[in-house]
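A.B. asks: This is the structure I want to talk about, given as structure tokens.
Number of protein chains: 2
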Amino acid sequence: MKDLTTDSAVIITIGNELLSGKTVDTNAAFIARRLAEIGIKTRRTITVGDEKREIQWGVREACSAAKIIVCTGGLGPTRDDISKHAVAEYFGKPLRVDRDQLRIVEQKFRSLGYKEMPKSNISQAEVPEGAVVFSNSKGTAPGLLIIDKGTYFFMLPGVPVEMKALMKEDVIPYLKKRLDSGETVLSRTIRTTGIGESKLAELLDPALSTLKDPEVAFLPDLFGVDVRLTTKVKSKSKLSPKIEKIEKEILKLASEYVFGFDDDTLESVIGSLLIKHNLTISIAESCTGGLVGNRITDSPGSSAYFERGVITYSNNSKVELLGVDPDVIENKGAVSEETAIQMAEGIKIRSRCEMGLSITGIAGPSGATTTKPVGLVYIAISDGFGTSVKKLQLRGDRERIKKQAAQAALNLIRIRLNDKNLYRN
Amino acid sequence: MKDLTTDSAVIITIGNELLSGKTVDTNAAFIARRLAEIGIKTRRTITVGDEKREIQWGVREACSAAKIIVCTGGLGPTRDDISKHAVAEYFGKPLRVDRDQLRIVEQKFRSLGYKEMPKSNISQAEVPEGAVVFSNSKGTAPGLLIIDKGTYFFMLPGVPVEMKALMKEDVIPYLKKRLDSGETVLSRTIRTTGIGESKLAELLDPALSTLKDPEVAFLPDLFGVDVRLTTKVKSKSKLSPKIEKIEKEILKLASEYVFGFDDDTLESVIGSLLIKHNLTISIAESCTGGLVGNRITDSPGSSAYFERGVITYSNNSKVELLGVDPDVIENKGAVSEETAIQMAEGIKIRSRCEMGLSITGIAGPSGATTTKPVGLVYIAISDGFGTSVKKLQLRGDRERIKKQAAQAALNLIRIRLNDKNLYRN
């Protein structure tokens, strides 16, 4: 069974919507992540449109670069879905209706309450001769595997939830069984926020400048910079002393910016801290419009510590729901240190939580004054030790300002809960 | 100046973080969209890692497929940023420090409050011999253009905000000037929600089955299905009778599912409807945790119609902030038709808005009971004509259920405001 010695793959994503720019390709990242977890490195990703010539170019290039190819998209029932035909033709395998698959697809439509299956879906039961068929638990287009001269060519639907289920339930288990496991890739991601890429690189230079192994990559985005360490180990070891040593050095140099590791999110880290200290939190948002609440509640189980939120967009709602003094709004402004403080204290008192967080700012494009530019944001946090407030001047468009403000607000909770003078471990 | 007759491009995105799956590549979609707006069709997208051999393979394949290449990533100051070296070497152009660029980069660091520039940033002033340099208004790595045997090879930083600014301010204006404008691509996107891809395809079959021009593409995602019509027209016409005809037929066949066109979002459409009818809205969210408020407030100017939101995660907050009857929660449950109705009516009355919306449901993975599975969601809307409630049974993980519930809630507002028996045009 251990017949696959390769550790690299090529991903092909197919769809005019990807090349037109209407749709961001999230499938490639998901597939790459899952493959990496079993030690398969993605060498390239290729995106082509729903055109036979282009698809076949992609298949040819992929097959010449790797033995494992995962391809998504173009398996739907509509007229522009031609991936299966193009790939089957490339490998010289005619398409045949698979009776089992046809029954499964018909059954799915009945269970969805349809009297009969739309005729266009019959094509979804066609499979290339000799292909392995993986039934799709979330939809009607099955996953397919063509094995040809040592190349493993997987075809999956482009709908993310269907592709994800097939990757998890079929593709990954299938590959795992066949992989020759002489070496394993280990990786560790150290997640930071509140510092830019070049500043972080300088800060970490003493630890990284002469380093060859583990490999280091800086992965910046709007929310922070991830530092990823990668190394190869023999056998099935799950630990690498090399990675552990560098991780410790990085923590020493940049501890205040590190919020977590690997799959940690800022919201999951805050959730763990609140649970650890047995605290509940409520929030009062203005310019972020609910985004902070949305992020906090993305964590499963957040109802254990998140009591309520208010989105006080109007001045009136700040007065009614939080008890902000109308004179303060009148004299200092809705976007001011004073209002932010009253909002945080107001939500804490009214919700009877141990911690209250507030955000008020100008997300733009309108709303700026001569003294208060777009991107001016105040965040305040109130707890049993008092109330502190932070002023930010953010840049970018409306969505970017909302996202950065929410990130900074969540980070303020983390910093507060990690303050050893206030909260003991 | 009109020396470019090509209308196709290849996009190259470079970065180990893209191939590891840690980062979703949003740059390719943005670049493709901007190019499409000036009639340049993206033929392929290629993603490779920060390795010279791979980058040079990508450059070679791109140059053999198109005359316009836009490449992003790997221009940062850290040690894994090698794109400039790899590309310059491919084209046989040595790198030289550009004095003007060095001054600009140093000046940027001073204006950010640094005493001196981190040394690693000097490399950002190096440019391939003969390249056109586009100064980066949002960061320190300039955009570069290498012109070689009729190929226009643009290199942009991978940080989205920097790439976007350079595309808008430099690359697009530059290409526009040089394009031979014999033909223009016109496209129209008809946006639907509340119907699946295959059902929509069947519904539209009478209009589309024999259609050759315009070209039709179905672009499904979690939120709905876009139908995109594309055609080429001579000269600089901005209208196509062919597209207008098909658009009308599609509207006849599927009007109830169509919420907008092109860049319309469901939240922008709702905003326009609320302004048109001179109404204000407040919302009460439970399982969506602030996501509906976040989406409504993504629209600039939403403060004109969005008064407030409450995220009533605890039962207590439903009682205190919305006046929900504790006996109803006790007997019918927090996730019930009755609670949803009281939440919608409560937020409408307390905020003194004309319209109140509520969402309560089980986002999972925990919280389900024998009679109430994960994905059960009630949404209610209350206005001067009464209160209506809708039950949904959604599938997927926590984030997916939150997103679908928010989409359905926003769509309910749209349907209500489009009800000709209630709101006159």
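Chains as they are written, first to last, in the numbering used here: chain A, 289 to 713; chain Y, 289 to 713.
Backbone N, C-alpha and C define an ideal beta-carbon position, used for all residues, glycine too.
1. Below 9 Å between beta carbons is the criterion; list the residues of the stretch 502-534 of chain A that meet it against any residue of chain Y, in chain order.
2. Assign residue 385 of chain A to buried or exposed, taking buried as 16 or more other Cβ atoms, counted over all protein chains shown, within 10 Å of its Cβ.
3. Taking the alpha-carbon of residue 337 of chain Y as reference, which of Y:482, Y:307 and Y:354 has the nearest alpha-carbon?
4. So, for residue 453 of chain A: in the same chain, excluding its five sequence neighbours on each side, which residues have a beta-carbon less than 8 Å away from its beta-carbon?
5. Report the start-end ranges of each beta strand (DSSP E) in the stretch 492-523 of chain Y that is 3 residues or longer and not cut off at the edges.
6. Once the 5 residues before and after residue 511 of chain A are set aside, which same chain residues still bring their CB inside 7 Å of it?
7. Measure the CB-CB distance between residue 669 of chain A and residue 704 of chain A and report whether it falls below 9 Å.
8. Apart from the five residues just before and just after residue 358 of chain A, which ones in its own chain have a Cβ nearer than 6 Å to its Cβ?
9. Our contact map puts residue 642 of chain Y next to residue 698 of chain Y with C-beta atoms below 8 Å; I'd like the distance itself, whole angstroms only.
10. DSSP has residue 549 of chain A in a bridge; who is on the other side?
11. Going straight from the alpha carbon of residue 683 of chain Y to that of residue 647 of chain Y, what length do you get?
12. Does any residue of chain Y have a CB that is nearer than 9 Å to the CB of residue 355 of chain A?
13. What residues in the stretch 398-413 of chain A have a beta carbon less than 7 Å from any beta carbon of chain Y?
14. At the 9 Å Cβ level, is residue 701 of chain Y part of the contact set with chain A, yes or no?
15. What residue range does the alpha helix (DSSP H) around residue 351 of chain A cover?
16. Does DSSP put residue 671 of chain Y in a helix, a strand or coil?
17. Measuring straight from C-alpha to C-alpha, what distance separates residue 373 of chain Y and residue 383 of chain Y?
18. Assign residue 649 of chain A to one of three DSSP states: helix, strand, or coil.
19. Which residues in chain A have a C-beta closer than 8 Å to the C-beta of residue 310 of chain Y? List them in chain order.
20. Taking C-beta pairs closer than 8 Å, name the residues in chain A that residue 334 of chain Y reaches, listed in chain order.
21. Name, please, each residue of chain A whose Cβ falls closer than 9 Å to the Cβ of residue 658 of chain Y.
22. For chain Y, check one thing: does any of its Cβ atoms lie closer than 9 Å to the Cβ of residue 360 of chain A?
23. So residue 572 of chain Y and residue 631 of chain Y are in contact, right, with Cβ under 8 Å, and what is the actual spacing, rounded?
24. Is it buried or exposed, residue 725 of chain Y, if we count other Cβ atoms within 10 angstroms and call 16 or more buried?
25. Go to residue 440 of chain Y, then tell me how far its beta strand (DSSP E) extends in each direction, as first and last residue.
26. Could you please tell me which residues of the stretch 576-592 of chain A, in chain order, have their CB closer than 9 Å to any CB of chain Y?
27. I'd like the list of long-range same chain contacts for residue 379 of chain A, defined as Cβ closer than 6 Å, with 5 residues on each side in sequence excluded.
28. Does any C-beta atom of chain A lie closer than 9 Å to the C-beta of residue 305 of chain Y?
29. Should residue 430 of chain A go down as buried or exposed, given a rule of 16 or more other Cβ atoms within 10 Å for buried?
30. Can you tell me the Cα-Cα spacing of residue 597 of chain Y and residue 599 of chain A, whole angstroms?
31. Does the beta carbon of residue 455 of chain Y sit closer than 9 Å to a beta carbon anywhere in chain A?
32. Can you name the residues of chain A whose CB is closer than 8 Å to the CB of residue 324 of chain Y?
33. Among the candidates Y:455, Y:673, Y:663 and Y:344, whose CA atom is the shortest distance from the CA of residue 681 of chain Y?
34. So residue 572 of chain Y is in the beta strand (DSSP E); what residue range does that whole segment cover?
35. Which residue marks the beginning of the alpha helix (DSSP H) containing residue 634 of chain A, and which one marks its end?
36. Give the single residue among Y:369, Y:328, Y:350 and Y:561 whose Cα lies nearest to the Cα of residue 340 of chain Y.
C.D. replies: In terms of the structure at hand:
1. 503, 504, 505, 506, 507, 508, 509, 510, 514, 516 and 518
2. exposed
3. Y:307
4. 424, 425 and 426
5. 503-509 and 512-522
6. 481 and 695
7. yes
8. 299, 319 and 442
9. Between residue 698 of chain Y and residue 642 of chain Y the Cβ distance is about 17 Å, and since that is not below 8 Å, they are no contact.
10. A:478
11. 16 Å
12. no
13. 406, 408 and 409
14. no
15. 340-353
16. strand
17. 7 Å
18. strand
19. 317, 321, 477, 507, 514 and 516
20. 332, 333, 334 and 335
21. Ordered by position in chain A, no residue passes the 9 Å Cβ test against residue 658 of chain Y, which lies about 20 Å from the chain.
22. no
23. 4 Å
24. Outside the modelled stretch of chain Y, which goes from 289 to 713, sits residue 725 of chain Y, for which no answer is possible.
25. 439-444
26. 576, 577, 578, 579, 580, 581, 582, 583, 584, 585, 586, 587, 588, 589, 590 and 591
27. 434 and 436
28. yes
29. buried
30. 5 Å
31. no
32. 308 and 309
33. Y:663
34. 569-573
35. 625-639
36. Y:369
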